[in-house]
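Read the structure below first, then the notes.
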Amino acid sequence: MEIIKAELNNEGTPVNKAVVKHNGKFYLVSESNKFGLETLIFPSDSEGNVTNWLEVGGSRGVALHEVLANFEGELF
2 MEIIKAELNN EGTPVNKAVV KHNGKFYLVS ESNKFGLETL IFPSDSEGNV
52 TNWLEVGGSR GVALHEVLAN FEGELF
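For the sequence shown, the numbering used here gives the first residue as 2, with consecutive numbering after it.
In structure tokens:
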């Protein structure tokens, strides 16, 4: 898994969203606190534009950097 683009906090940790490439496919990984902490993975293009809003991975109660650290394990 390669991080293509990410927003970073002051410590350099990815926050809010990241675009990743994994096995030749691109994904947008998005963290939200709107209904409690949740980070979801969606198929996207190389710019992070979601191509299908049906999530293909992610978890509740898990931050973006944690999903990125275990990306393959977070895919459904």
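By construction, the Cβ of each residue, glycine as well, lies at the ideal position given by its N, Cα and C atoms.
Nearest-angstrom beta carbon gap, residue j and residue i [assumed within contact, 8 Å]
i	j	result
PHE43	ASN34	PHE43 to ASN34, Cβ: 17 Å. No contact.
Contact under 8 Å by Cβ, residue i with residue j
i	j	result
SER60	VAL20	no
LEU41	SER31	yes
VAL57	LEU76	yes
beta-carbon residue i near the ligand SAM non-hydrogen atom, thresh 7 Å
i	result
ASN34	The model depicted lacks the ligand SAM and carries no ligand whatsoever.
Sequence-distant residues of its chain with Cβ nearer than 7 Å to residue i (five each side left out)
i	result
GLU3	VAL21 and LYS22
ALA64	GLU32, LEU38 and THR40
PHE72	MET2, VAL21 and HIS23
In DSSP terms, what residue i is bridged to
i	result
GLY59	LEU41
LEU76	GLY58
6 Å Cβ shell around residue i - same chain, five flanking residues per side excluded
i	result
GLY13	none
LYS6	VAL20
GLY62	LEU38
Close-in-space but distant-in-sequence residues of the same chain around residue i (CB under 8 Å, 5 per side omitted)
i	result
ASN17	GLU8, SER31, GLU32 and LEU65
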